[in-house]
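Working notes for the structure below.
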Amino acid sequence: MRCLKECPLIRSISPGLLRPFRSMSGPGPSGCFTDPKMSDEMRRRASAFAAVIAVLVFNTCTVSYAGQLKQGQGARKVTAVMVGDVLAHDRILQDARKDDGGYDFSGLFVNVKPAVEAADIAIVNQETILGGSSLKYTGYPSFNSPYELADAEADAGFDVILQGTNHALDRGAKGIENCLAYWETHHPGIDVVGIHDSEEDRQEICIRECNGIRIAVLNYTYGTNGIQMPKGKGYLVDYLSEKRVRDEILAAKAASDIVMVCPHWGNEYKTGVSREQRKWARIFMESGADIVIGTHPHVIEPFELMRDETGRTMPVYYSIGNFVNATSGTGAGVMNRMVGGMVYVSIIKDSNGNAAISGTAVRPLVCHLGEGRTSAYFLDDYTEEMADANMIRLQDPSFSKKACLELVQNVWPF
-13 MRCLKECPLI
-3 RSISPGLLRP
7 FRSMSGPGPS
17 GCFTDPKMSD
27 EMRRRASAFA
37 AVIAVLVFNT
47 CTVSYAGQLK
57 QGQGARKVTA
67 VMVGDVLAHD
77 RILQDARKDD
87 GGYDFSGLFV
97 NVKPAVEAAD
107 IAIVNQETIL
117 GGSSLKYTGY
127 PSFNSPYELA
137 DAEADAGFDV
147 ILQGTNHALD
157 RGAKGIENCL
167 AYWETHHPGI
177 DVVGIHDSEE
187 DRQEICIREC
197 NGIRIAVLNY
207 TYGTNGIQMP
217 KGKGYLVDYL
227 SEKRVRDEIL
237 AAKAASDIVM
247 VCPHWGNEYK
257 TGVSREQRKW
267 ARIFMESGAD
277 IVIGTHPHVI
287 EPFELMRDET
297 GRTMPVYYSI
307 GNFVNATSGT
317 GAGVMNRMVG
327 GMVYVSIIKD
337 SNGNAAISGT
347 AVRPLVCHLG
357 EGRTSAYFLD
367 DYTEEMADAN
377 MIRLQDPSFS
387 KKACLELVQN
397 VWPF
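In this note's numbering, the protein residues as written are -13 to 400.
Structural data, given as structure tokens:
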């Protein structure tokens, strides 16, 4: 794990950026600016992010939350985005296979790359372990994916990779060691969390520093499909263990301004929230977490703004669904697995050093299975004609853009 990474590009984005995050008192005026001291590249990226956010104003499928800390003169700002499960089923591998035997996964991310690159910090849940060809590539149910998936995620602009999932031990200790070695060697500026290659690494907390704001990212999984950690290597995977979680959030809070917890939890294919998820969300809040963004169910689940007895609030996205997948399931409800979301988080730090989540929103995504190509699209860019051509219709004929919109509106009715 590589911690305390300085953001390679600090961007200045105006208060107008936050207008799509609807406040309790109603929306304010739109508009944005870029600092005249910004370089052309900084201005381009700031404008790109502002343009992406602007889409959210008109997207009726957006969940929004506005925090209570207001931006004032001298306030620092950071934007973060996160997408859900990259689930490398066999079809995903086949679509990415090149004539020379290698793989090119860039097509999975091409449609969201501008939004990812525009954020200060971008996070993706890499569901499957990247263990390399020596461990044999396989899809469901025991996964191992090519290193080229790491290359594609790096090229798309992701900064933090979540690997603490139920598939982390699908290739045992060697899979984790290979995965971390590849990231460290080829993409040393990217943080991989949730898995470790040593006890020393496990003791570190991932903190990304951007524009003077320190953001800790913690990732835990409920389990590893019954696969036990090898003897003497209890550090390999971060599990949901109450004492450890409480201790680590407390330590992260002391070392950072904002603590983001990304749990791999919940019940697969269920759009409702389980008692276990609510229990853990309460533990995260009691321990000091600032925001929770969940994965694992492979479908989207509700948003909740939790509040404690002091009035402090914590946004919780129980599940943001799959980013890409090629499920072999058939029948009613399978289409739900094709819908996900990109969560946007705006963080500010005032001149007194107080930091807080100032707003969040989610922009729905849809996974498109085309002829020889799989890719994720923003749902507002997707058409009914494209939906008609999505090969998931062979498995669930109810799939359509309209059905995707209805699902989003039912789960995120804001």
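Beta carbons are placed, not taken as given, at the ideal position from N, Cα and C, and that holds for glycine.
Inset, instruction - Would you decide whether residue 172 is buried or exposed? Buried here means 16 or more other CB atoms lie within 10 Å of its CB. - result: Within the sequence shown, numbered from 1, the residue matching residue 172 stands at position 186. The residue is exposed, with fewer than 16 neighbouring Cβ atoms inside 10 Å.
Inset, instruction - Just the C-alpha distance for residue 382 and residue 373, rounded to the nearest angstrom, thanks. - result: As a working note, residue 382 is residue 396 in the sequence shown. As a working note, residue 373 is residue 387 in the sequence shown. Cα-Cα distance, rounded: 12 Å.
Inset, instruction - Give me whichever residues DSSP pairs with residue 132 in a beta bridge. - result: Position 146 of the sequence shown, counting from 1, holds the residue named residue 132. According to DSSP, which records beta bridges pairwise, residue 132 is partnered with nothing at all.
Inset, instruction - Return the chain-ordered list of same chain residues with a C-beta closer than 7 Å to the C-beta of residue 294, the five sequence neighbours on each side being excluded. - result: Counted from its first residue, the sequence shown places residue 294 at position 308. Here the set comprises 271.
Inset, instruction - Would you mind stating whether residue 281 and residue 393 have Cβ atoms separated by less than 9 Å? - result: By one-based count along the sequence shown, residue 281 stands at place 295. By one-based count along the sequence shown, residue 393 stands at place 407. In this structure, residue 393 does not lie closer than 9 Å to residue 281 by Cβ.
Inset, instruction - Note the first and the last residue of the continuous beta strand (DSSP E) segment covering residue 344. - result: One-based indexing of the sequence shown puts residue 344 at position 358. It spans 341 to 356 - the beta strand (DSSP E) in which residue 344 sits, taken as one unbroken run.
Legend entry - For residue 99, the nearest candidate out of 376, 138, 76, 70 (CA to CA): On the sequence shown, residue 99 is found 113 positions in, with the first residue counted as 1. Closest by alpha carbon: 138.
Inset, instruction - Apply the 10 Å Cβ neighbour rule to residue 340 and answer buried if 16 or more other Cβ atoms are within range, or exposed otherwise. - result: Taking the first residue of the sequence shown as 1, we reach residue 340 at position 354. With fewer than 16 other Cβ atoms within 10 Å, it is exposed.
Inset, instruction - May I ask you to check if the CB of residue 328 is nearer than 8 Å to at least one heavy atom of the ligand ADP? - result: Ligands are entirely absent from the displayed structure, and the ligand ADP is therefore not among its contents.
Inset, instruction - For residue 308, count neighbouring Cβ atoms within 10 angstroms of its own Cβ and tell me buried if that reaches 16, exposed if not. - result: Start at 1 with the first residue of the sequence shown, and residue 308 comes out as number 322. Buried.
Inset, instruction - Determine the burial state of residue 338: buried for a count of at least 16 other Cβ atoms within 10 Å of its Cβ, exposed for fewer. - result: Translated into positions along the sequence shown, residue 338 becomes position 352. Answer is exposed; the Cβ neighbour count stays below 16.
Legend entry - Through-space distance from residue 336 to residue 123, alpha-carbon basis: As a working mapping, residue 123 is identified with position 137 in the sequence shown. As a working mapping, residue 336 is identified with position 350 in the sequence shown. Cα to Cα, the separation comes out at about 48 Å.
Inset, instruction - Assuming residue 267 and residue 302 form a contact by the criterion Cβ under 8 Å, report the distance between their Cβ atoms to the nearest whole angstrom. - result: Here residue 267 refers to the residue found at position 281 when the sequence shown is read from its first residue. Here residue 302 refers to the residue found at position 316 when the sequence shown is read from its first residue. Right, the Cβ-Cβ distance comes to about 5 Å (below 8 Å), so this counts as a contact.
Inset, instruction - Note down the Cα distance separating residue -1 from residue 63, rounded to an integer number of angstroms. - result: On the sequence shown, residue -1 is found 13 positions in, with the first residue counted as 1. On the sequence shown, residue 63 is found 77 positions in, with the first residue counted as 1. Summary for residue -1: the model assigns pLDDT 24, below 50, so the residue's position carries little reliability; its value from the coordinates is reported in the next sentence. Cα-Cα distance, rounded: 7 Å.
Inset, instruction - Can you give me the Cβ contacts of residue 108 inside the same chain, cut-off strictly under 6 Å, excluding the 5 residues immediately before and after it? - result: The sequence position of residue 108 within the sequence shown is 122, counting from 1. Answer for residue 108: 67, 102, 143, 144, 145, listed in chain order.
Legend entry - Identity of the residues DSSP links to residue 287 by a beta bridge: Along the sequence shown, one-based indexing puts residue 287 at 301. Looking at the DSSP assignment, residue 287 forms a beta bridge with 305.
Legend entry - Segment limits, alpha helix (DSSP H) that includes residue 270: Here residue 270 refers to the residue found at position 284 of the sequence shown. Element bounds for residue 270: 261 to 273.
Inset, instruction - Find the nearest neighbour of residue 285 within the set 65, 61, 70, judged by alpha-carbon distance. - result: The count along the sequence shown starts at 1 and reaches residue 285 at position 299. Closest by alpha carbon: 70.
Inset, instruction - Locate the beta strand (DSSP E) running through residue 383, then write down its first and last residues. - result: Looking up residue 383 in the sequence shown gives position 397. Taken as a continuous stretch (DSSP letters only), residue 383 belongs to no beta strand (DSSP E), as it is neither H nor E.
Inset, instruction - For my contact list, residue 97 and residue 362 are in at a C-beta cut-off of 8 Å; report their separation, rounded to the angstrom. - result: Within the sequence shown, the letter at position 111 stands for residue 97. Within the sequence shown, the letter at position 376 stands for residue 362. Their Cβ separation, rounded to whole angstroms, is 6 Å, which keeps residue 97 and residue 362 in contact under 8 Å.
Legend entry - Beta-carbon proximity check, residue 243 vs residue 199, cutoff 9 Å: Counting from one through the sequence shown, the residue named residue 243 turns up at place 257. Counting from one through the sequence shown, the residue named residue 199 turns up at place 213. Against a cut-off of 9 Å, the Cβ pair of residue 199 and residue 243 comes out as a contact.
Legend entry - Spatially closest choice to residue 206 from 357, 297, 250, by CA coordinates: Position 220 of the sequence shown, counted from the start, is the residue given in the question as residue 206. Comparing Cα positions, the closest option is 250.
Inset, instruction - Please work out which residues of its chain come closer than 7 Å, Cβ to Cβ, to residue 379, disregarding the five sequence neighbours upstream and downstream, and give them in chain order. - result: In the sequence shown, residue 379 corresponds to position 393, counting from 1. 385, listed in sequence order.
Legend entry - Distance, residue 129 Cα to residue 368 Cα: Stepping through the sequence shown from its first residue, residue 368 is reached at position 382. Stepping through the sequence shown from its first residue, residue 129 is reached at position 143. Approximately 29 Å, taken between the alpha carbons.
Legend entry - C-alpha gap between residue 215 and residue 229, whole angstroms: The residue you call residue 215 lines up with position 229 of the sequence shown. The residue you call residue 229 lines up with position 243 of the sequence shown. Taking the straight line from one Cα to the other gives about 19 Å.
Legend entry - DSSP-derived helix/strand/coil call for residue 396: Here residue 396 refers to the residue found at position 410 when the sequence shown is read from its first residue. Looking at residue 396 - three-state DSSP - the assignment turns out to be helix.
Inset, instruction - Identify which residue in 204, 195, 253 has its Cα closest to the Cα of residue 403. - result: The displayed coordinates of the chain run from -13 to 400. Any statement about residue 403 would go beyond what the structure contains.
Legend entry - 6 Å CB neighbourhood of residue 208 in its chain, flanking five on each side removed: Locating residue 208 in the sequence shown gives position 222, where the first residue counts as 1. Hits under 6 Å: 226, 251.
Inset, instruction - Would you kindly report the start and end of the unbroken alpha helix (DSSP H) that includes residue 93? - result: Mapped onto the sequence shown, residue 93 falls at position 107. Counting along the chain, residue 93 falls outside any alpha helix (DSSP H), and DSSP gives it neither H nor E.
Legend entry - Beta bridge counterpart(s) of residue 407 as assigned by DSSP: With the chain covering only -13 through 400, there is no way to say anything about residue 407.
Legend entry - CB contact flag (residue 191, residue 140, <9 Å): Residue numbering aside, residue 191 sits at position 205 when the sequence shown is read from its first letter. Residue numbering aside, residue 140 sits at position 154 when the sequence shown is read from its first letter. Taking 9 Å as the Cβ cut-off, residue 191 and residue 140 do not qualify as a contacting pair.
Legend entry - Exposure of residue 222, with buried meaning 16 or more beta-carbon neighbours within 10 Å: Taking the first residue of the sequence shown as 1, we reach residue 222 at position 236. Buried, because 16 or more other Cβ atoms sit within 10 Å of the Cβ of residue 222.
Inset, instruction - With a cut-off of 8 Å on the beta carbons, I'd call residue 89 and residue 116 a contact; round off their distance for me. - result: Here residue 89 corresponds to residue number 103 of the sequence shown, with the count starting at 1. Here residue 116 corresponds to residue number 130 of the sequence shown, with the count starting at 1. The Cβ separation is near 11 Å, so there is no contact.
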